[in-house]
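Data block below; observations after.
Residue numbers (the working numbering), protein chains in the order written: chain D, 1 to 338; chain F, 1001 to 1270.
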């Protein structure tokens, strides 16, 4: 299969200026300034195949947005090779951007003061989309995203959720084979989120659109992506299937107990000291949490022991969430893959 | 020809969008008319008192002077735009990222936005304004189509010179991050040296000699002098030629600076 995105030893450095202290320092800063060269993206490699939906995740400042900006031709890399859709994004910018769609969750690409449909009309001309293509494709997009009634309103009068759906439609006017989404669901309510996810899945199936998605909301990734690339301090620390990540790190379960009577944590620890269980107590909620291996037998034995000894108000069995897995990985550093 | 039109299509659409945006802010439009009328009025009375009883100063009669003031303000409505400020804002807020993911030339698109704004003001602002001014102040209009043609040519070139200077100022934001002061200084400089506030022929000889080698007089002085017949036809054609040379010359620093700017672009705000 062909590679849509190919990144080799990609690096981007920024100068980080620091101010000297005091009045004397401020005057010296006028003449020369101290700076450090900081690599925001530090020699990363990866490739994406056609039709894949890839989650690109990392903490704030991990270098996600910088990577996206290099992949879309906005920023010039300090060193390294990028090939996207068979082109060098920065060198052939005008021809290249014709083949991609981009949504930046934090900034609008529609014209603020005019009606949404006027923006669409301009973009249609900009991307040289014929009337037939537009009608065929966009009517469907508009219907699915349910933005028909919003088209004649100026963008500044739309709510965030309404605007985001229009932004997504705007990014798809030329039906690009590759879509970059930089935090597309930031600040949206659950219903809009679901709608957007459904829609992304649909276009992925219908047109084999390749999607690269960055987000802080891991439920987006869980719902959409089979593969994740995890970034930390400018380095790729994990690249592989989301499922594998879960199997490897998510092999534990949580049991939560609430009791009718007052129970001390030592008492409960003593009670189950024959099993490999870690207990924790949330003082405020009076919730006791046991973390243990995911073995059916072990779990039922622990529950049986606790239930026999104390009066129970509530019991819950939880799987380790993806969020917890990710947190674990960041705490422990790089993941050994495979 | 058809391919050229196809290419221009998106730029023409941008002019339309700018029209719509101007219409979206009607209050700006009305206050603009008011400000221009006040300016023309103030300069008229100022010049009337300077002339006192005198027939002519520096080869211009008082009627020619009044016409000069009125016409240079009306021409300003066409060539003037805030592209430098808009660019600075787009760069500082990081919106330039969105512009760069579109298959067009950013600076070309900006120029078209300026042109859209200029055409809008020419028809809905200068033209009605000039009719009002014509009835209020003693102004002498020439009805010679040759003069009108040269004038039209000249203000189009004024627009390009002024826009190119604005783009240059705008691009400096990439290097300075905050260039509000520079933008303001440039504006005052242009108003003064372009002959908007004072015809170039009123400047001392040594200043005139220097200004001959600067692009500024091509912005306001040239079209206004053509319209008031302060220039003979030959002088007019020479001045328009000079404007054209500046339009072409200014492309070079824009091209160079823009290429450097793109390489060291930092998108602000993540």
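Just so it is clear, CB atoms sit at the ideal spot from N, CA and C, and this is done for glycine as well.
Option in the options with minimal Cα separation from residue i
{"i": "residue 72(D)", "options": "78(D), 119(D), 5(D)", "result": "5(D)"}
{"i": "residue 1040(F)", "options": "1130(F), 1151(F), 1208(F), 1245(F)", "result": "1130(F)"}
{"i": "residue 1164(F)", "options": "1093(F), 1026(F), 1030(F), 1218(F)", "result": "1218(F)"}
{"i": "residue 114(D)", "options": "1242(F), 1016(F), 1233(F), 1238(F)", "result": "1016(F)"}
{"i": "residue 1123(F)", "options": "1060(F), 1200(F), 1077(F), 1160(F)", "result": "1077(F)"}
{"i": "residue 282(D)", "options": "264(D), 321(D), 276(D), 32(D)", "result": "264(D)"}
{"i": "residue 1046(F)", "options": "1069(F), 1156(F), 1092(F), 1134(F)", "result": "1069(F)"}
{"i": "residue 247(D)", "options": "256(D), 326(D), 305(D), 274(D)", "result": "326(D)"}
{"i": "residue 218(D)", "options": "183(D), 244(D), 211(D), 199(D)", "result": "183(D)"}
{"i": "residue 1241(F)", "options": "1012(F), 1150(F), 1054(F), 1114(F)", "result": "1150(F)"}
{"i": "residue 19(D)", "options": "51(D), 100(D), 34(D), 211(D)", "result": "34(D)"}
{"i": "residue 228(D)", "options": "38(D), 199(D), 278(D), 64(D)", "result": "64(D)"}
{"i": "residue 1096(F)", "options": "301(D), 74(D), 99(D), 203(D)", "result": "74(D)"}
{"i": "residue 1121(F)", "options": "1032(F), 1171(F), 1162(F), 1178(F)", "result": "1032(F)"}
{"i": "residue 295(D)", "options": "269(D), 316(D), 254(D), 330(D)", "result": "254(D)"}
{"i": "residue 257(D)", "options": "299(D), 36(D), 10(D)", "result": "299(D)"}
{"i": "residue 1060(F)", "options": "1210(F), 1231(F), 1261(F), 1237(F)", "result": "1231(F)"}
{"i": "residue 1174(F)", "options": "1212(F), 1156(F), 1259(F)", "result": "1259(F)"}
{"i": "residue 120(D)", "options": "105(D), 99(D), 142(D), 100(D)", "result": "142(D)"}
{"i": "residue 388(D)", "options": "94(D), 49(D), 321(D), 309(D)", "result": "Residue 388(D) lies beyond the stretch modelled for chain D, which goes from 1 to 338, so this question has no answer here."}
{"i": "residue 1213(F)", "options": "1245(F), 1236(F), 1171(F), 1083(F)", "result": "1245(F)"}
{"i": "residue 1018(F)", "options": "245(D), 147(D), 112(D), 178(D)", "result": "112(D)"}
{"i": "residue 38(D)", "options": "45(D), 135(D), 24(D), 16(D)", "result": "16(D)"}
{"i": "residue 196(D)", "options": "261(D), 262(D), 146(D)", "result": "146(D)"}
{"i": "residue 215(D)", "options": "202(D), 205(D), 236(D), 180(D)", "result": "180(D)"}
{"i": "residue 45(D)", "options": "221(D), 108(D), 78(D), 8(D)", "result": "8(D)"}
Check whether residue i and residue j have beta carbons under 7 Å apart
{"i": "residue 125(D)", "j": "residue 1009(F)", "result": "yes"}
{"i": "residue 1066(F)", "j": "residue 1036(F)", "result": "no"}
{"i": "residue 173(D)", "j": "residue 127(D)", "result": "yes"}
{"i": "residue 150(D)", "j": "residue 103(D)", "result": "no"}
{"i": "residue 1107(F)", "j": "residue 1167(F)", "result": "yes"}
{"i": "residue 1271(F)", "j": "residue 1081(F)", "result": "The question about residue 1271(F) has no answer here: the residues shown for chain F are numbered 1001 through 1270."}
{"i": "residue 53(D)", "j": "residue 211(D)", "result": "yes"}
{"i": "residue 51(D)", "j": "residue 208(D)", "result": "yes"}
{"i": "residue 1075(F)", "j": "residue 1155(F)", "result": "yes"}
{"i": "residue 1112(F)", "j": "residue 1011(F)", "result": "yes"}
{"i": "residue 67(D)", "j": "residue 41(D)", "result": "yes"}
{"i": "residue 1064(F)", "j": "residue 1228(F)", "result": "yes"}
{"i": "residue 1204(F)", "j": "residue 1161(F)", "result": "no"}
{"i": "residue 1211(F)", "j": "residue 1109(F)", "result": "no"}
{"i": "residue 176(D)", "j": "residue 105(D)", "result": "no"}
{"i": "residue 43(D)", "j": "residue 11(D)", "result": "yes"}
{"i": "residue 1274(F)", "j": "residue 1159(F)", "result": "Given that chain F is displayed from residue 1001 to residue 1270, the structure contains no residue 1274(F) and the question cannot be resolved."}
In chain order, what residues of the segment 1101-1113 of chain F put their CB closer than 8 Å to some CB of chain D?
-> From the segment 1101-1113 of chain F, only 1101, 1102, 1103, 1104, 1105 have a Cβ closer than 8 Å to chain D.
Unbroken alpha helix (DSSP H) runs of length 4 or more, entirely within the segment 1047-1135 of chain F: which are they?
-> Unbroken alpha helix (DSSP H) stretches of 4 residues or longer found wholly inside the segment 1047-1135 of chain F: 1062-1079, 1083-1092, 1096-1100, 1106-1121, given in chain order.
Which ranges does the beta strand (DSSP E) cover as unbroken runs of at least 3 residues, wholly within the segment 99-125 of chain D, from first to last along the chain?
-> Whole beta strand (DSSP E) segments, 3+ residues: 100-104.
Three CB pairs or more closer than 8 Å across the segment 1142-1150 of chain F and the segment 1080-1091 of chain F | Under the Cβ criterion (8 Å, minimum of three pairs), the segment 1142-1150 of chain F does not count as touching the segment 1080-1091 of chain F.
Taking 8 Å as the threshold, find out whether the segment 235-243 of chain D comes into contact with the segment 70-87 of chain D through three or more Cβ pairs.
-> Touching, no.
Looking at C-beta atoms only, is the number of pairs between the segment 50-69 of chain D and the segment 225-234 of chain D that lie closer than 8 Å three or more?
-> Contact between the segment 50-69 of chain D and the segment 225-234 of chain D is present, with at least three C-beta pairs closer than 8 Å.
Quick one, which residues of the segment 65-79 of chain D are near chain F if we go by CB-CB under 8 Å, in chain order?
-> Listed in sequence order: 65, 69, 72, 73, 74, 75, 76.
Between the segment 1236-1259 of chain F and chain A, which residues of the former have a C-beta closer than 9 Å to a C-beta of the latter?
-> The displayed structure is made up of protein chains D and F, and chain A is not among them.
May I ask you to list, following chain order, the residues of the segment 1150-1172 of chain F that have a beta carbon less than 9 Å from some beta carbon of chain D?
-> Hits within the stretch: zero.
Do the segment 302-311 of chain D and the segment 268-280 of chain D meet, that is, are 3 or more Cβ pairs less than 8 Å apart?
-> Yes: at least three Cβ pairs fall under 8 Å.
In chain order, what residues of the segment 97-110 of chain D put their CB closer than 8 Å to some CB of chain F?
-> Along the segment 97-110 of chain D, going in chain order, the ones with a CB nearer than 8 Å to a CB of chain F are 97, 98, 100, 102, 104, 106, 107, 108, 109.
Short-range partners of chain F found in the segment 231-247 of chain D, where Cβ spacing is below 8 Å = If the cut-off is 8 Å between Cβ atoms, the segment 231-247 of chain D has nothing near chain F.
Selection of the segment 1020-1032 of chain F by Cβ proximity to chain D, strictly under 8 Å = Flagged, chain order: 1020, 1021, 1024, 1025.
Members of the segment 21-44 of chain D that neighbour chain F once the beta carbon cut-off is set at 8 Å = Result list empty, no residue passes.
What are the uninterrupted segments assigned as beta strand (DSSP E) that are 3 or more residues long and contained completely in the segment 1151-1228 of chain F, given in chain order?
-> None, since the segment 1151-1228 of chain F contains no complete beta strand (DSSP E) of that length.
Counting pairs of beta carbons, one from the segment 1204-1221 of chain F and one from the segment 1251-1261 of chain F, are three or more of them closer than 8 Å?
-> Output reads no: the segment 1251-1261 of chain F does not touch the segment 1204-1221 of chain F.
Is there contact between the segment 1101-1115 of chain F and the segment 1179-1191 of chain F, where contact requires at least three CB pairs shorter than 8 Å?
-> Touching, no, given that fewer than three Cβ pairs across the two stretches are closer than 8 Å.
Relative to chain F, which residues along the segment 122-152 of chain D have a C-beta separation below 9 Å, given in chain order?
-> From the segment 122-152 of chain D, only 122, 123, 124, 125, 126, 127, 128 have a Cβ closer than 9 Å to chain F.
Please name the residues in the segment 1049-1081 of chain F whose beta-carbon is closer than 7 Å to at least one beta-carbon of chain D, in chain order.
-> Here the close residues number zero.
Could you name each continuous beta strand (DSSP E) segment of 3 residues or more that falls completely within the segment 119-205 of chain D, going from the start of the chain to the end?
-> Qualifying beta strand (DSSP E) stretches, in chain order: 178-182.
If you pair each beta-carbon of the segment 188-204 of chain D with each one of the segment 23-33 of chain D, do three or more pairs fall below 8 Å?
-> No: fewer than three Cβ pairs fall under 8 Å.
Residue ranges of each alpha helix (DSSP H) run of no fewer than 4 residues wholly in the segment 14-40 of chain D, ordered along the chain?
-> Runs of the alpha helix (DSSP H) spanning 4 or more residues and lying entirely within the segment 14-40 of chain D occur at 22-31, in chain order.
Where the segment 1081-1100 of chain F meets chain D: residues whose CB sits under 7 Å from a CB there = Going along the segment 1081-1100 of chain F in chain order, one finds 1094, 1095, 1097, 1098, 1100 with a Cβ nearer than 7 Å to chain D.
In chain order, each alpha helix (DSSP H) run of at least 4 residues that lies wholly inside the segment 204-275 of chain D = Segments of the alpha helix (DSSP H) lying fully in the segment 204-275 of chain D: 218-224, 242-249, 265-271.
Interface positions of the segment 1133-1151 of chain F facing chain D (Cβ-Cβ less than 9 Å), listed along the chain | Going along the segment 1133-1151 of chain F in chain order, one finds no residue with a Cβ nearer than 9 Å to chain D.
Residues of the segment 265-294 of chain D with Cβ closer than 8 Å to any Cβ of chain F, in chain order = Answer set for the segment 265-294 of chain D: empty.
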